[in-house]
Structure formats: C-alpha cells, structure tokens
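Colleague: This is the structure, below, for whatever I ask next.
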Amino acid sequence: MSAELDTLDQQQALLTDGLRQMLEGRWVSFPSLQADIEALSPGIELAPQPPVLTSEAGPEPPAYAWNPDADMPGQVYDWTCSCCATEYVERGAGAPRGDDVYANREAVVYDVGYPHNVNSAYGLMDGSGAELQRVLADHAGIETKQGWLSYDQAYAIYSVTFGLGSGGAYYHWVVFAGVDGSSLVIRNSAWGYKGIYDRIGRDDFNRLGPWSCIWAY
Amino acid sequence: MSDDQEARITTLQTQQSIMTRALVAALEGRWQGEDSVEAWLYALSPDLQGQLQPDPPVIAS
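Structure (structure tokens):
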C-alpha cells in the first residue's frame, strides 16, 4: 500500500509540473509538458501540436474599421507623399476630412505644419514621421506606434493592422494596407517610383530602407 | 490501512479534484485570474507563488 501511495505521489508531482510547464509555455522538449507525460507514461507516442504562445503572437488588430481599397490618386506635388499617405490612412480608417481628396491633402499639409515640418525643399522634415503620428491622433483619433522595422517585423505588424512608412533610400512615404502572400500591400501616391507599384517584397523593402514604419494599435 | 495512509489517500483525492479543475480551466482558455490554471496550480503547490513566468497560449476569439 505504501509503495502504491508513493507512486501516486510521484505521479501527482508530475501532473502538477505538467500544469506548470503548460502555463509557462514549455510544451515540448525538456523541461516540458511532453517530458512530464513521457515520464508518467514511458513509451507513449505523442504528436505534439504546441499552441501559439502569448510571447510569440503578433500585435492585436486595432479597433478601427479599415478599408484597404480606398482610392489613392497620384500626388500632384513631388514633396507631399507623406501628407498623401496620412490622408489615405485617415480616409481608410473612416475619418475622412471631406469628399475632395486633394482638398483633404492640402488640409493635412497645413496640419502637419507648412513650411516648418513639411515643404517643397525637403518634403517631411522629420523622417521618423512623428508629425504624421500627431496629425493622425489629433484629427482622426488614431493612436500609432513608430519603429525602424525589418521586413519580417513589418510583415508581422501589417498582417494585422495598417499604417504608413518611408524607406531611407526610397525617400517616399506609402501606406501599408496589409499583406498579400509574401508581400506587403501598399497604397502608393507615386505609382512606379523606383520600380514600386502596389506591392513591396522583401528584396525591394531591404533595397529601399531603412524603414521608419508607423502602425495603428 | 493506517491513519497515515488514509490521510495520504485523502490528500491525493483532493489533489486530483484540483487537477481536474485546472484541466477544465486549460480547456476553456482560463490561464490566469480567477478559476484559472494558474490559480489551481497555486492550490496544488503554494510554494510556486511568485516563481512562475506565465506565457499562456493565445486564445482565438
């Protein structure tokens, strides 16, 4: 009887440890839930399908309604891409300034701050896009984060949310509207500029970087 | 059966009951908070308080 009780105690300890391994995200390898099960039942054949952990998951989709298929007319001036992209994000997220896209863009230019923050000589002065973030928050209530992202980081983020970004070698702001296969979907006010249209893949992203990316959360 | 053995059996029965509640919580996606895997784990092993670094599964909604 005593030996059986000792065995039950040991099994209970393994079960308890198994709970701990699940909670701490250790499903396979050692130590892990798999290891505890194999200790409880030597020789058992398992086909583990570990879940996606909180630490592995991407960002939560934002609470905004997002229309990735709004029109993106070509920019009229060669320095207004950042404002065109910002206006698109406002409109795509359900906060258009009006029915006239060109008038909207002009309003964005003045909200960003002409000429001290955006002008015909340099375009957007702060390449991080901080002024665009301010305008998106102030006008449309869209809260955003900013980062200098790798392709994989950008892909993970824009697979669940939307935003805008600019590559250092691209010298142009585009909207990130989602993903399509292995590519990022963009909305581009300068169609064909530097060989980019409405998709950007890993090679082009890396060629035209580094990228300051802004995304809604 | 000795008193000690009876006591150990009672303990094991209680632990099994807690274990079952913990598995229900896991299946129902309650990993932290009230009636969660974490809560039932502390009931099984109080010395784990403050020792864990939870990284639970993402729950599809």
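Which chain is which? The protein sequence lines are A and B, in order. Quick note on this note's numbering: the first sequence kicks off at 522 and runs consecutively. Quick note on this note's numbering: the second sequence kicks off at -3 and runs consecutively. Using N, Cα and C, we set each Cβ at its ideal position, and we do this for glycine too. None of the values given here were measured: they were computed from a predicted structure.
If you measure beta-carbon to beta-carbon, which residues of the stretch 565 to 595 of chain A are closer than 9 Å to chain B?
Modeller: Here the close residues are P571, P572, V573, L574, T575, S576, E577 and A578.
Colleague: Are the beta-carbon atoms of A/W736 and A/S687 separated by less than 9 Å?
Modeller: To locate residue 736 of chain A, count along the first sequence from 1; it is residue 215. To locate residue 687 of chain A, count along the first sequence from 1; it is residue 166. Cβ distance not < 9 Å, so A/W736 and A/S687 don't count as in contact.
Colleague: Check whether chain A comes within 9 Å of B/L60, counting only Cβ atoms and requiring the distance to be less than that.
Modeller: With chain B running from -3 to 57 in the structure shown, residue 60 of chain B is simply not present.
Colleague: For A/D744, which three-state DSSP category applies?
Modeller: Absent from the structure is residue 744 of chain A, since the part of chain A shown begins at 522 and ends at 738.
Colleague: Hey, does B/R4 have any beta-carbon neighbour from chain A nearer than 9 Å?
Modeller: The count along the second sequence starts at 1 and reaches residue 4 of chain B at position 8. Answer yes: the Cβ-Cβ gap between B/R4 and chain A drops below 9 Å somewhere.
Colleague: Nearest to A/D700 by CA position, among A/Q654, A/D673, A/G619 and A/L574, is which residue?
Modeller: Position 179 of the first sequence, counted from the first residue, corresponds to residue 700 of chain A. Residue 700 of chain A is actually Val in this sequence, not Asp. Closest by alpha carbon: A/D673.
Colleague: From B/Q1 to A/L536, what distance separates their C-alpha atoms?
Modeller: The residue you call residue 1 of chain B lines up with position 5 of the second sequence. The residue you call residue 536 of chain A lines up with position 15 of the first sequence. Roughly 21 Å between the two C-alpha positions.
Colleague: So which residues of chain A does B/Q49 contact, with C-beta pairs closer than 7 Å?
Modeller: Here residue 49 of chain B refers to the residue found at position 53 of the second sequence. Within chain A, the residues near B/Q49 are E545.
Colleague: For A/Y714 and A/A568, what's the separation of their Cα atoms in angstroms?
Modeller: Taking the first sequence and counting its residues from 1, the one referred to as residue 714 of chain A is at position 193. Taking the first sequence and counting its residues from 1, the one referred to as residue 568 of chain A is at position 47. Computed Cα separation, rounded: 50 Å.
Colleague: Inspect the CB distances between the stretch 620 to 640 of chain A and the stretch 650 to 668 of chain A and report whether three or more fall short of 8 Å.
Modeller: These segments touch.
Colleague: Take every Cβ of the stretch 42 to 56 of chain B, pair it with every Cβ of the stretch 542 to 552 of chain A, and state whether three or more of those distances are shorter than 8 Å.
Modeller: Segments in contact, yes.
Colleague: When we look at the beta-carbon of A/A524 and count the other beta-carbons within 10 Å, is it buried (16 or more) or exposed?
Modeller: As a position in the first sequence, residue 524 of chain A is number 3, starting the count at 1. Its Cβ having fewer than 16 others within 10 Å, A/A524 is exposed.
Colleague: Against chain B, which members of the stretch 523 to 544 of chain A pass a CB distance test of less than 8 Å?
Modeller: Answer in chain order: S523, L526, L529, D530, Q533, L536, T537, L540, R541, M543 and L544.
Colleague: Let's test the definition: count the other Cβ atoms within 10 Å of the Cβ of A/R541 and tell me whether it reaches 16, buried, or not, exposed.
Modeller: As a first step, residue 541 of chain A must be located in the first sequence, where it is residue number 20. Result: buried.
Colleague: Taking A/S687 as part of the beta strand (DSSP E), name the residues at either end of that continuous run.
Modeller: Here residue 687 of chain A refers to the residue found at position 166 of the first sequence. A/S687 -> beta strand (DSSP E) spans G684 to G688.
Colleague: Name the two residues that bound the continuous alpha helix (DSSP H) containing A/L554.
Modeller: What you label residue 554 of chain A is simply residue 33 of the first sequence in a count that begins at 1. Element bounds for A/L554: L554 to L561.
Colleague: Determine the closest residue to B/G25 out of A/P572, A/D647, A/V706 and A/T665, with distance taken between C-alpha atoms.
Modeller: Within the second sequence, residue 25 of chain B is the residue found at index 29, counting from 1. Residue A/P572 is the option with its Cα nearest to B/G25.
Colleague: Using the beta-carbon count (16 or more within 10 Å), is B/S57 buried or exposed?
Modeller: Within the second sequence, numbered from 1, the residue matching residue 57 of chain B stands at position 61. Bear in mind that a pLDDT of 46 at B/S57, under 50, signals an unreliable position, so the model cannot answer this.
Colleague: What whole-angstrom Cβ distance do A/L657 and A/V610 have, given they're in contact under 8 Å?
Modeller: Within the first sequence, numbered from 1, the residue matching residue 657 of chain A stands at position 136. Within the first sequence, numbered from 1, the residue matching residue 610 of chain A stands at position 89. With a Cβ gap of about 6 Å, A/L657 and A/V610 count as contacting.
Colleague: So with Cβ pairs under 9 Å, would you call B/P52 a contact of chain A?
Modeller: What you label residue 52 of chain B is simply residue 56 of the second sequence in a count that begins at 1. Yes, B/P52 lies at the interface with chain A (some Cβ there is under 9 Å from its Cβ).
Colleague: Do A/R708 and A/A591 count as a contact pair if the criterion is CB distance below 9 Å?
Modeller: Residue 591 of chain A sits at position 70 when you count from the first residue of the first sequence. Residue 708 of chain A sits at position 187 when you count from the first residue of the first sequence. Going by C-beta atoms, A/A591 is nearer than 9 Å to A/R708.
Colleague: For B/E34, count neighbouring Cβ atoms within 10 angstroms of its own Cβ and tell me buried if that reaches 16, exposed if not.
Modeller: For this step, residue 34 of chain B is matched to residue 38 along the second sequence. Buried: at least 16 other Cβ atoms inside 10 Å.
Colleague: Could you spell out where the beta strand (DSSP E) holding A/D701 opens and where it closes?
Modeller: Residue 701 of chain A sits at position 180 when you count from the first residue of the first sequence. Here the beta strand (DSSP E) through A/D701 covers H693 to D701.
Colleague: Which whole runs of the alpha helix (DSSP H) in the stretch 568 to 655 of chain A are 4 residues long or more, in chain order?
Modeller: You should have 602 to 613 and 622 to 633.
Colleague: Establish whether the CB of B/V33 and some CB of chain A are separated by less than 9 Å.
Modeller: Along the second sequence, read from residue 1 onward, the residue named residue 33 of chain B stands at position 37. Cβ-Cβ to chain A under 9 Å: yes for B/V33.
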